[in-house]
Structure formats: C-alpha cells, structure tokens
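A.B. asks:
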Amino acid sequence: MVKISEFQVKDIVNISDGKKLGNLSDLEINISTGAIEAIIITNSGKLMGLFGKDEDIIIPWNKIKKIGADVIIVEYHNHND
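Using the UniProt record's numbering, read the sequence shown as starting at 1 and increasing by one per residue.
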C-alpha cells in the first residue's frame, strides 16, 4: 500500500528526454471503479508563474513506466516543443 503523500515528494521524470516535469499535485480517479486514471503534475518550468499561468500536465496511468524510491518515470510527449 502506498500513500499519496509518498508520491508527492517524488520527482517525475520524462523517459524520452530525461527532464524533470515537476511533482505530483493531484490524481484523476474513476469513481465507478476506484482506479487511478491519471496523475496531474503542476509544471514548474516557468519562473514561478511570472510569464503566465503554468499549465498542468496530465499523464495517463498507462504512461507511467516505473515508480522508484525517489522518482516516477513517465512517457510524455510535449507537443509544444
């Protein structure tokens, strides 16, 4: 069993480029099944939001490749690059 608070302290890293995406800020849960559908990351890429509101990154659960002791490895393709 794992607590949400344990996920929130892990860095979330993109497997395709090795960049840190941020930290877990929320979960999407299917109310009917109780299954986690996606994780939501608050993007910390901008300078503390000085240049506009940061967009959340939504990673579907099937795109999580590995949950380690310190990091969560995900597959994410940013279409804005």
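Cβ coordinates follow ideal geometry from the N, Cα and C atoms, glycine included.
Is the beta carbon of I72 sitting closer than 9 angstroms to the one on L24?
C.D. replies: yes
A.B. asks: For a quick check, are the C-beta atoms of I57 and G22 less than 9 angstroms apart?
C.D. replies: yes
A.B. asks: Kindly indicate which three-state DSSP category I4 falls into: helix, strand or coil?
C.D. replies: helix
A.B. asks: Kindly indicate which residue of G34, S5, I15, V9 has the alpha-carbon position closest to the one of I59.
C.D. replies: I15
A.B. asks: Please work out which residues of its chain come closer than 8 angstroms, Cβ to Cβ, to S32, disregarding the five sequence neighbours upstream and downstream, and give them in chain order.
C.D. replies: Counting only Cβ-Cβ distances below 8 angstroms, and skipping sequence neighbours, we find nothing.
A.B. asks: Residues in its own chain within less than 6 angstroms of D26 by CB, not counting five upstream and five downstream?
C.D. replies: I40
A.B. asks: For I36 and V13, what's the separation of their Cα atoms in angstroms?
C.D. replies: 19 angstroms
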